[in-house]
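Structure, as C-alpha cells:
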Amino acid sequence: MPSKLFEAGLEVRKQVLGEDYVERSLGNANAFTKVLQEFVTEVGWGRIWSKSSLSRKQMSLNNLCMLAALNRATEFELHFRGALRNGCTVDELRDTLLQITVYCGAPAGVEVFRIADKVLADEGIEVGEA
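Okay, so the sequence shown: first residue is 37 according to my numbering, each after it adds one.
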C-alpha cells in the first residue's frame, strides 16, 4: 500500500510533469527500476515538492539552475516543460537561463537555450521579436 507521501508526491508529480509522462515512467518501471520511481515520487515529490514553503514556480526555477549546473539535459528539458506548467513566464525563464550562462558558463548556457527553444517551439509558444 502506497504511503501518504507517495500519494501526495504522485499528485504533484503529475501536475508538474504531466500525467502521461508520469504514468509512462511508472508503467515502464521494471523490477530493478521500480524502487527508483517509488523513491523519487515519495521523497522528491512527496516530501519536498508537496511540503515546501517555496512556490512551485520558484522550485522550477531552482531546478533548472541545478540541472544545468549538473549538465543533465534530459531532466532539464522535462523540468523546463514543468516550469511552463507551473506558471513561469518566458521572460522569467529567459532571465534564469541568462543567470545559468553567467554562473555555469557559456557552453551550459548555449545548451539550455537550445533545449528551451525546442520546448517553446514544441509547445507552440511564440516569443516575438528580439
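Ideal placement from N, C-alpha and C gives every residue a C-beta, glycine not left out. Since the model is a prediction, treat every value here as computed from it, not as a measurement.
For Gly141, which option in Val79, Glu78, Arg83 and Ala105 has the closest C-alpha, if you only look at C-alpha atoms?
-> Ala105
Could you check what DSSP says for Ala105 in three-state terms: helix, strand or coil?
-> helix
Could you tell me the distance, in whole angstroms, from the CA atom of Leu41 to the CA atom of Glu74?
-> 10 Å
Continuous alpha helix (DSSP H) stretch holding Leu50: start and end = Before going further, note that residue 50 is Lys rather than Leu in the sequence given. Its alpha helix (DSSP H) spans residues Lys40 to Leu53.
What did DSSP end up calling Phe116 once you bin it into helix, strand or coil?
-> helix
CA-CA distance, Arg150 and Ala109?
-> 10 Å
Going along the chain, which unbroken runs of the alpha helix (DSSP H) with 4 or more residues stay wholly within the segment 74-100?
-> none
Val48 to Pro143 span [Cα, whole Å] = 32 Å
To the nearest whole angstrom, what separates the beta carbons of Val148 and Leu156, a pair I think is in contact under 8 Å?
-> In fact, because the Cβ distance is near 12 Å, the residues do not count as touching under 8 Å.
Below 7 Å CB to CB, which residues in the same chain sit around His115 once its five sequence neighbours on both sides are set aside?
-> Ser96, Asn99, Leu100 and Leu103
Determine the contact status of Thr77 and Gly45, defining contact as a CB-CB distance below 8 Å.
-> yes
Short Cβ contact (8 Å threshold) for Val52 with Asn107 | no
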